Amino acid sequence: MRIGTSATAPRRSPGSLGLAMLVSGLVAGSVTVLAPSTAADIGTELSGPGVDPDPRPTSSARALDLLDKVASADDLVRYAGVQFVSAWGPESTDSTLVEIKNVPGQGTALRVRGSGDGPASALFTTAPGDIGFQLGGGPVGLLARNFSISTAGKDKVTGRKTRVLEMVGDRDAVAARFWIDDRSGVLLRREVYDASGRTVRASAFVQVRIGPRVSPGHLPPALPQARAEDLTASEVATMRVSGCSCPALLADGLSLYQVRRVDTSAGTVLHLSYSDGLSTVSLFEQPGRVDETSMVGYTPTADRDGVRYVRAGLPQQVVWSADGVVYAVVADAPARLVDEVVAGLPHQAPEPDGLTNRIGRGLARVGSWVNPFA
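Each residue of the sequence shown is one higher than the one before, counting from 1321 in this note's numbering.
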């Protein structure tokens, strides 16, 4: 099935194991992620006028076929292994190792090594097909729409033969490369670059087994998660009329492809998911004000736009409040892009008595939901 040409069962987007899935899937409940056929249709409607779901004509047919293959791999191929995930920022580098096991029909289990109190204590399980939809952020059509995709030769990863896909953006610079297992279509390695060609995010298997050698077994149960409701395009339109911005686009081509209402013990959180196919940004909104005492592990920064609480790492998180609403940005994206996203959202000058004082505890927990590396 060619990407962007079918109205049914659109393909899901490939990307880095660990980052994008944990950002976009676990917050609102990885077991209840939007079905692939619904997500791409709603994503097109949510983004509004001017969004073309078709791939760029400069992408090669062979490259789009490979992208379809890798997007389908989680539904078809049994595999297990260990993958590193790294992100490079202006001042630091963050890395971790993730154990992964995918069983078609059961789902995908991720275990983040070295997090929490034990050597491998953070365990997440997704429903069948969920991880493929979330990896790299949103419907795979966004990737095909925003980048020219071509094949770029052959290589090897962990001794396995791969074909390399290359994504080129508007400035004719290589934005990313994917290394795809030649036989199975499993994505074995992924690198994302900034405008200067510097690697800003990377993930790759350092050990992997694919096919019958992987015992099917039974995946462990998912961690408890908040109840989430997927909103339709018409519901989002109604919210916009009532005053909620729900922007269709964020900085640098990030399109809104999914909106969820997440119920917590302290109230309702709105979760908006954005992507260009390579970078993923989750925007959370909840009525209230920031309680600085709850922002343990965050660094406060203040300027004429107010106080923001920043937590670097995998993923990057920024929390602030403006006009009675608390905003939290959780991003698998380059630091420059995160800065642009935050700058384009509402802000409020500092109050005379300093920091604002309250946040709904549901939103205060967002960082712990999406960042198992904490």
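All residues carry an ideal CB built from backbone N, CA and C; glycine is no exception.
All values reported here derive from a predicted model rather than from experimental measurement.
If we call anything under 7 Å between Cβ atoms a contact, is aspartate 1602 one with serine 1614?
As a position in the sequence shown, residue 1602 is number 282, starting the count at 1. As a position in the sequence shown, residue 1614 is number 294, starting the count at 1. As written in the sequence, residue 1602 is serine, which differs from the aspartate given in the question. Taking 7 Å as the Cβ cut-off, serine 1602 and serine 1614 do not qualify as a contacting pair.
Touching by the beta-carbon criterion (3+ pairs, under 8 Å), the region 1504-1514 and the region 1478-1494:
With the cut-off at 8 Å, the region 1504-1514 and the region 1478-1494 touch.
Under the assumption that alanine 1496 contacts methionine 1487 (Cβ atoms under 8 Å), give the Cβ distance between them as a whole number of angstroms.
Numbered from its first residue, the sequence shown carries residue 1496 at position 176. Numbered from its first residue, the sequence shown carries residue 1487 at position 167. Indeed, because the Cβ distance is near 4 Å, the residues count as touching under 8 Å.
When we look at the beta-carbon of glutamate 1605 and count the other beta-carbons within 10 Å, is it buried (16 or more) or exposed?
Mapped onto the sequence shown, residue 1605 falls at position 285. Taking every protein chain shown into account, the CB of glutamate 1605 has 16 or more other CB atoms within 10 angstroms, so this residue is buried.
For lysine 1476: DSSP bridge partner residues
As a first step, residue 1476 must be located in the sequence shown, where it is residue number 156. Listed as beta-bridge partners of lysine 1476 by DSSP are Lys1481.
Pull up the CB-CB distance for glycine 1573 and asparagine 1466, whole angstroms please, since I reckon it's below 8 Å.
Walking along the sequence shown from the start, residue 1573 turns up at place 253. Walking along the sequence shown from the start, residue 1466 turns up at place 146. Cβ-Cβ separation between glycine 1573 and asparagine 1466: approximately 6 Å, consistent with a contact (criterion under 8 Å).
With a 10 Å radius around its C-beta and 16 neighbouring C-beta atoms as the bar for buried, classify valine 1561 as buried or exposed.
Mapped onto the sequence shown, residue 1561 falls at position 241. That one is exposed.
CA nearest to the CA of aspartate 1394, picked from Val1423, Arg1581, Val1432:
The residue given as residue 1394 occupies position 74 in the sequence shown. With distances taken between Cα atoms, aspartate 1394 lies closest to Val1423.
Along the chain, where does the alpha helix (DSSP H) that runs through valine 1658 open and close?
Position 338 of the sequence shown, counted from the start, is the residue given in the question as residue 1658. Residues 1655-1663.
Give me the residue from Tyr1647, Asp1652, Val1526, Ala1653 with the minimum Cα distance to proline 1666.
Within the sequence shown, the letter at position 346 stands for residue 1666. Among Tyr1647, Asp1652, Val1526, Ala1653, the Cα nearest to that of proline 1666 belongs to Tyr1647.
Simplified DSSP state of glutamate 1486, which is helix, strand or coil
Working through the sequence shown from its first residue, we reach residue 1486 at position 166. Three-state DSSP puts glutamate 1486 in a strand.
Using a threshold of 7 Å, state whether the C-beta atoms of threonine 1600 and aspartate 1652 are closer than that.
Taking the sequence shown and counting its residues from 1, the one referred to as residue 1600 is at position 280. Taking the sequence shown and counting its residues from 1, the one referred to as residue 1652 is at position 332. Against a cut-off of 7 Å, the Cβ pair of aspartate 1652 and threonine 1600 comes out as a contact.
Using DSSP's beta-bridge definition, name the partner residues of aspartate 1501.
As a working mapping, residue 1501 is identified with position 181 in the sequence shown. In DSSP, aspartate 1501 forms a bridge with Thr1482.
Beta strand (DSSP E) segment containing serine 1415, residue limits:
Counted from its first residue, the sequence shown places residue 1415 at position 95. Segment 1413-1423, the beta strand (DSSP E) holding serine 1415.
Figure out for me which residue from Ala1472, Arg1521, Arg1518 has the closest Cα to the Cα of tryptophan 1499.
If you number the sequence shown from 1, residue 1499 lands on position 179. Comparing alpha-carbon positions, the option among Ala1472, Arg1521, Arg1518 lying closest to tryptophan 1499 turns out to be Ala1472.
Evaluate valine 1650 with the Cβ neighbour count: other Cβ atoms within 10 Å of its Cβ, from every protein chain shown; 16 or more gives buried, anything less gives exposed.
Counting from one through the sequence shown, the residue named residue 1650 turns up at place 330. By the neighbour-count rule (16 or more Cβ atoms within 10 Å), valine 1650 is buried.
DSSP beta-bridge partners of glutamate 1549
Here residue 1549 refers to the residue found at position 229 of the sequence shown. Arg1581, per the DSSP bridge assignment.
Grab me the residues of alanine 1669's own chain with a C-beta within less than 8 Å of its C-beta, minus the 5 sequence neighbours each way, in chain order.
For the purposes of this step, residue 1669 is taken as the residue at position 349 of the sequence shown. Cβ neighbours of alanine 1669 beyond the five flanking positions: Arg1624, Asp1625, Gly1626.
Taking a contact to mean a Cβ-Cβ separation below 7 Å, would you say arginine 1631 touches glycine 1617 in this structure?
Locating residue 1631 in the sequence shown gives position 311, where the first residue counts as 1. Locating residue 1617 in the sequence shown gives position 297, where the first residue counts as 1. In this structure, arginine 1631 lies near glycine 1617, with their beta-carbon atoms less than 7 Å apart.
Cβ-based neighbour list, arginine 1529, same chain, cut-off 7 Å, excluding 5 preceding and 5 following:
If you number the sequence shown from 1, residue 1529 lands on position 209. Cβ within range, chain order: Tyr1399, Ala1400, Gly1401.
First and last residue of the uninterrupted beta strand (DSSP E) at serine 1406
On the sequence shown, residue 1406 is found 86 positions in, with the first residue counted as 1. In this chain, the beta strand (DSSP E) harbouring serine 1406 covers 1399-1408.
Buried or exposed for valine 1379, please, with buried defined as at least 16 other CB atoms from any protein chain shown within 10 angstroms of its CB.
Counting from one through the sequence shown, the residue named residue 1379 turns up at place 59. Strictly speaking, residue 1379 in this sequence is serine, with valine absent from that position. Serine 1379 is buried by the Cβ-count criterion.
What residue does the beta strand (DSSP E) around aspartate 1625 start on, and which one ends it?
As a first step, residue 1625 is located in the sequence shown; it is residue number 305 there, counting from the start. No beta strand (DSSP E) holds aspartate 1625; DSSP gives it neither H nor E.
Beta-bridge pairing of glycine 1427 - partner residues as DSSP gives them
For the purposes of this step, residue 1427 is identified with residue 107 of the sequence shown, where counting begins at 1. Glycine 1427 pairs with Val1423.
Between aspartate 1596 and alanine 1391, what straight-line distance do the alpha-carbon atoms span, to the nearest angstrom?
By one-based count along the sequence shown, residue 1596 stands at place 276. By one-based count along the sequence shown, residue 1391 stands at place 71. Distance between the alpha carbons of aspartate 1596 and alanine 1391: 16 Å.
Tell me the DSSP bridge mates of threonine 1471?
Counting from one through the sequence shown, the residue named residue 1471 turns up at place 151. Under the DSSP definition of a beta bridge, threonine 1471 partners with Leu1485.
Kindly indicate the opening and closing residues of the beta strand (DSSP E) around valine 1649.
Mapped onto the sequence shown, residue 1649 falls at position 329. Looking at the DSSP string, the run of the beta strand (DSSP E) that includes valine 1649 is 1645-1652.
For glycine 1505, collect the residues of the same chain with a Cβ closer than 8 Å to its Cβ; drop the 5 residues on either side in sequence, then sort them by chain order.
Translated into the one-based positions of the sequence shown, residue 1505 becomes position 185. If we look at glycine 1505 and ignore the five residues flanking it on each side, its Cβ neighbours are Leu1386, Lys1389, Val1390, Ser1392, Ala1393, Leu1396, Val1397.
What span of residues does the beta strand (DSSP E) with valine 1528 cover, start to end?
Numbered from 1 along the sequence shown, position 208 holds the residue referred to as residue 1528. Per DSSP, valine 1528 belongs to the beta strand (DSSP E) from 1519-1530.
Whole angstroms are fine: how far does the CA of leucine 1384 sit from the CA of glycine 1517?
Within the sequence shown, residue 1517 is the residue found at index 197, counting from 1. Within the sequence shown, residue 1384 is the residue found at index 64, counting from 1. Using only the alpha carbons, I get a separation of about 23 Å.
Whether threonine 1280 touches valine 1405 by CB criterion (7 Å)
The shown model of the chain, from 1321 to 1694, leaves out residue 1280, and the question about it has no answer.
Reference proline 1410, options Thr1588, Gln1636, Leu1551, Val1484, closest by Cα
Taking the sequence shown and counting its residues from 1, one reaches residue 1410 at position 90. Measuring from the Cα of proline 1410, the nearest candidate turns out to be Gln1636.
If you measure between the beta carbons of valine 1661 and leucine 1570, is that distance less than 7 Å?
For the purposes of this step, residue 1661 is taken as residue 341 along the sequence shown, with counting starting at 1. For the purposes of this step, residue 1570 is taken as residue 250 along the sequence shown, with counting starting at 1. The beta carbons of valine 1661 and leucine 1570 sit closer together than 7 Å.
Measure the Cβ-Cβ separation of alanine 1622 and valine 1582 and say whether it is below 7 Å.
As a first step, residue 1622 is located in the sequence shown; it is residue number 302 there, counting from the start. As a first step, residue 1582 is located in the sequence shown; it is residue number 262 there, counting from the start. Judged by beta-carbon spacing, valine 1582 lies beyond the 7 Å limit of alanine 1622, meaning their Cβ atoms are not closer than that value.
May I ask you to report which of helix, strand or coil DSSP gives aspartate 1361?
Residue numbering aside, residue 1361 sits at position 41 when the sequence shown is read from its first letter. Low confidence applies here, because aspartate 1361 scores a pLDDT of 38, under 50, leaving its location unreliable and the question unanswered by this model.
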